[in-house]
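*Asks:*
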Amino acid sequence: MRITSVDYRISAVFAVAVLLGGCGGEPDAPEASAPAEVAAEQPAAPSNTELLNTVLAAQPEEAQARYPFRNPGATLSFFGIKPGMTVVEALPGGGWYSKILIPYLGADGQLVGVDYAMDMWPLFGGMSEEAIEKRKTWTTTWVEGTREWGEGASVSAFVFGSVDETVSETADAVLMIRALHNLNRFEPQGGFRTQALTDAFDVLKPGGVLGIVQHRAPADASDDWADGSNGYLKQASVIEAVEAVGFELVESSEINANKADVPTEDDFVWRLPPTLGTSRDDETLRAEMTAIGESDRMTLKFRKPAASSGD
Numbered sequence: 002m003r004i005t006s007v008d009y010r011i012s013a014v015f016a017v018a019v020l021l022g023g024c025g026g027e028p029d030a031p032e033a034s035a036p037a038e039v040a041a042e043q044p045a046a047p048s049n050t051e052l053l054n055t056v057l058a059a060q061p062e063e064a065q066a067r068y069p070f071r072n073p074g075a076t077l078s079f080f081g082i083k084p085g086m087t088v089v090e091a092l093p094g095g096g097w098y099s100k101i102l103i104p105y106l107g108a109d110g111q112l113v114g115v116d117y118a119m120d121m122w123p124l125f126g127g128m129s130e131e132a133i134e135k136r137k138t139w140t141t142t143w144v145e146g147t148r149e150w151g152e153g154a155s156v157s158a159f160v161f162g163s164v165d166e167t168v169s170e171t172a173d174a175v176l177m178i179r180a181l182h183n184l185n186r187f188e189p190q191g192g193f194r195t196q197a198l199t200d201a202f203d204v205l206k207p208g209g210v211l212g213i214v215q216h217r218a219p220a221d222a223s224d225d226w227a228d229g230s231n232g233y234l235k236q237a238s239v240i241e242a243v244e245a246v247g248f249e250l251v252e253s254s255e256i257n258a259n260k261a262d263v264p265t266e267d268d269f270v271w272r273l274p275p276t277l278g279t280s281r282d283d284e285t286l287r288a289e290m291t292a293i294g295e296s297d298r299m300t301l302k303f304r305k306p307a308a309s310s311g312d
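Quick note: the sequence shown uses the numbering used here, first residue 2, plus one each step.
#1: With a threshold of 8 Å, are at least 3 pairs of Cβ atoms found where one atom belongs to the region 134-149 and the other to the region 62-78?
#2: List the endpoints of the continuous alpha helix (DSSP H) containing Ile213.
#3: Measure the CB-CB distance between Ala180 and Val113 and report whether it falls below 9 Å.
#4: If you draw a straight line from the C-alpha of Ser68 to the C-alpha of Leu184, how long is it?
#5: Within 10 angstroms of the Cβ of Ser163, are there 16 or more other Cβ atoms? Answer buried if so, exposed if not.
#6: Looking at Ile213 and Ala261, is the spacing between their C-beta atoms short of 9 Å?
#7: Starting from the Cα of Val168, find the closest Cα among Glu149, Phe202, Thr195 and give me that residue.
#8: Any chance the CB of Val113 is under 8 Å from a heavy atom of the ligand COA?
#9: Return the first residue and the last residue of the alpha helix (DSSP H) that Ala66 is part of.
#10: Taking the alpha-carbon positions, what's the Gly232 to Ala45 distance?
#11: Should Ala1 and Leu106 be called a contact, given that it needs their Cβ atoms to be closer than 9 Å?
#12: If you count every other CB in all the chains shown that lies within 10 Å of the CB of Arg194, and 16 or more means buried, which is it?
#13: Short of 8 Å in beta carbon distance, which residues of its chain neighbour Glu152, apart from the five on each side in sequence? Order them along the chain.
#14: What's the gap between the Cα of Ser78 and the Cα of Met119?
#15: Just list the alpha helix (DSSP H) runs in the region 138-208, keeping only unbroken ones of 4 residues or longer that don't cross its boundaries, in chain order.
#16: Sort out for me which residues DSSP pairs Leu273 with in a bridge.
#17: Along the chain, where does the alpha helix (DSSP H) containing Leu52 start, and where does it finish?
#18: If you draw a straight line from the C-alpha of Phe368 to the C-alpha of Leu205, how long is it?
#19: For the candidate residues Gly208, Gly191, Val270, whose alpha-carbon lies nearest to that of Arg217?
#20: If distances are taken between C-alpha atoms only, which option among Ala172, Asp200, Gly146 comes closest to Gly85?
#21: Can you look up Pro28 in the DSSP assignment and give me helix, strand or coil?
#22: Considering only the beta carbon of each residue, do Asn257 and Thr300 sit closer than 9 Å?
#23: State the Cα-Cα distance for the pair Gly94 and Pro189, rounded to the nearest angstrom.
#24: Beta-carbon within less than 6 Å of Asp29's beta-carbon, same chain only, minus the 5 sequence neighbours each way: which residues are those?
#25: Between Ile82 and Thr55, what straight-line distance do the alpha-carbon atoms span, to the nearest angstrom?
#26: Distance check for Ala308 and Glu266, CA to CA, integer angstroms please.
#27: Report back the beta-carbon spacing between Phe303 and Glu249 to the nearest angstrom; my notes put them in contact at under 8 Å.
#28: Going by DSSP in three states, Lys235 sits in which element: helix, strand or coil?
#29: Please work out which residues of its chain come closer than 8 Å, Cβ to Cβ, to Ser310, disregarding the five sequence neighbours upstream and downstream, and give them in chain order.
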């Protein structure tokens, strides 16, 4: 598998501009000696923000209902995601973000999904041998499934711990959106968090971005509770782990913060929407959890250091 970055071309968005009905100014009047028919001025290409907003507006209502908590437009803009990029998305699952990225990255872009290492799946417990066996074909079945999500970026996939050398330093960005807690949870059993972050570092070009959105534990929570098994991680611990593999923290943002989410050590993140795991049979508690909304989340932008320009 080979993933490459392609510069964004104006022609790629020109077609989108036509579909959106964009138009430029009025053409200048022809001089007397000019041909009788003068071609109309080409419509202006939409900006990245306009294009992203168009893609977001085209998502299903159930996806848009989560925008107030997931803030996809602001999040992707904060991470600097642009059409034509090669973007690696960790644990894309059912494609909530993938369905935005594929049309937004466009025909010149590439989306690369990445799943847990095969050795990690048995650690969850409760999975049948048949279910674990199916994970072995994920890189094929997930890519095939994305064909139902519309046209745009080309799509490929790999799993953590088995990155081919040909993809080294080919990605513009790696996104790990609510993807770190289980990797951290099983770090003692197999170094899965370290492996995933190392893989992210390796596939990025020098200067490439690692964008992390993660359920945030209170700073004073115990390390045992905030190890990822309850969904939450401490922001300081995440920064320390990411910097340990060579990344530099560029900036943090509160765009995905939710001050109403103040978990105790008797809580886990899946009590909140959309799972509502503790209140399915308790209407009063469900209303309480719904009023809190989705989890408080850190949003962190890291960069792989650029290559040295000299000795």
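Positions of the beta carbon are idealized from the N, C-alpha and C atoms, including for glycine.
Only a predicted model underlies this, so the values are computations on that prediction, with no experimental measurement involved.
*Replies:* In short:
#1: Using a Cβ-Cβ distance cut-off of 8 Å, the region 134-149 and the region 62-78 are not in contact, since fewer than three pairs of beta carbons, one from each stretch, lie closer than that value.
#2: By one-based count along the sequence shown, residue 213 stands at place 212. Not the alpha helix (DSSP H): Ile213 falls in the beta strand (DSSP E), residues 205-216.
#3: As a working note, residue 180 is residue 179 in the sequence shown. As a working note, residue 113 is residue 112 in the sequence shown. Their beta carbons are not under 9 Å apart, which means Ala180 does not touch Val113 by this criterion.
#4: The sequence position of residue 68 within the sequence shown is 67, counting from 1. The sequence position of residue 184 within the sequence shown is 183, counting from 1. The question names Ser, yet the displayed sequence has Tyr at residue 68. Rounded to the nearest angstrom, the two C-alpha atoms are 26 Å apart.
#5: Locating residue 163 in the sequence shown gives position 162, where the first residue counts as 1. The residue is exposed, with fewer than 16 neighbouring Cβ atoms inside 10 Å.
#6: Position 260 of the sequence shown, counting from 1, holds the residue named residue 261. Position 212 of the sequence shown, counting from 1, holds the residue named residue 213. No, the Cβ-Cβ distance between Ala261 and Ile213 is not below 9 Å.
#7: What you label residue 168 is simply residue 167 of the sequence shown in a count that begins at 1. Shortest Cα-Cα distance from Val168 to any of Glu149, Phe202, Thr195 involves Phe202.
#8: Absence of the ligand COA from the depicted structure is noted, as is the absence of any ligand whatsoever, leaving it without description.
#9: Working through the sequence shown from its first residue, we reach residue 66 at position 65. For Ala66, no alpha helix (DSSP H) segment is defined, and its DSSP state is neither H nor E.
#10: Position 231 of the sequence shown, counting from 1, holds the residue named residue 232. Position 44 of the sequence shown, counting from 1, holds the residue named residue 45. The C-alpha of Ala45 is placed about 45 Å away from the C-alpha of Gly232.
#11: The structure shown has nothing for residue 1, since the chain only spans 2 to 312.
#12: Position 193 of the sequence shown, counting from 1, holds the residue named residue 194. Buried, by the Cβ-count rule.
#13: Counted from its first residue, the sequence shown places residue 152 at position 151. Only Ile103, Pro104, Ala108 meet the Cβ criterion.
#14: Numbered from 1 along the sequence shown, position 77 holds the residue referred to as residue 78. Numbered from 1 along the sequence shown, position 118 holds the residue referred to as residue 119. Met119 has its alpha-carbon roughly 32 Å from the corresponding atom of Ser78.
#15: Along the length of the region 138-208, whole alpha helix (DSSP H) runs at least 4 residues long occupy 139-147, 182-186, 188-191, 193-204, reported in chain order.
#16: One-based indexing of the sequence shown puts residue 273 at position 272. Looking at the DSSP assignment, Leu273 forms no beta bridge with any residue, so it has no partner.
#17: Within the sequence shown, numbered from 1, the residue matching residue 52 stands at position 51. In the DSSP assignment, Leu52 falls within the unbroken alpha helix (DSSP H) covering 49-58.
#18: It is not possible to answer for residue 368, since the shown part of the chain is limited to 2 through 312.
#19: The residue you call residue 217 lines up with position 216 of the sequence shown. Out of Gly208, Gly191, Val270, Val270 has the C-alpha closest to the C-alpha of Arg217.
#20: Counting from one through the sequence shown, the residue named residue 85 turns up at place 84. Nearest option by C-alpha distance: Ala172.
#21: Position 27 of the sequence shown, counting from 1, holds the residue named residue 28. Its pLDDT being 43, under 50, Pro28 is placed unreliably by the model, and nothing is read from it.
#22: Here the question's residue 257 lines up with position 256 in the sequence shown. Here the question's residue 300 lines up with position 299 in the sequence shown. Yes, Cβ-Cβ distance for Asn257 and Thr300 is below 9 Å.
#23: Translated into the one-based positions of the sequence shown, residue 94 becomes position 93. Translated into the one-based positions of the sequence shown, residue 189 becomes position 188. So the alpha carbons of these two residues sit roughly 24 Å apart.
#24: Walking along the sequence shown from the start, residue 29 turns up at place 28. Here the model assigns Asp29 a pLDDT of 46, short of 50, so the residue's position is not dependable, and the following value carries that caveat. Result list for Asp29: empty, nothing under 6 Å.
#25: Counted from its first residue, the sequence shown places residue 82 at position 81. Counted from its first residue, the sequence shown places residue 55 at position 54. Across the structure, Ile82 and Thr55 are spaced so that their CA atoms are roughly 15 Å apart.
#26: In the sequence shown, residue 266 corresponds to position 265, counting from 1. In the sequence shown, residue 308 corresponds to position 307, counting from 1. Cα to Cα, the separation comes out at about 43 Å.
#27: Along the sequence shown, read from residue 1 onward, the residue named residue 303 stands at position 302. Along the sequence shown, read from residue 1 onward, the residue named residue 249 stands at position 248. Going by Cβ atoms, the distance from Phe303 to Glu249 rounds to 6 Å, so yes, they are a contact pair.
#28: Taking the sequence shown and counting its residues from 1, one reaches residue 235 at position 234. Coil at Lys235, not helix or strand.
#29: Numbered from 1 along the sequence shown, position 309 holds the residue referred to as residue 310. In this prediction, Ser310 scores a pLDDT of 45, lower than 50, which makes its location untrustworthy; no coordinate-derived value is stated.
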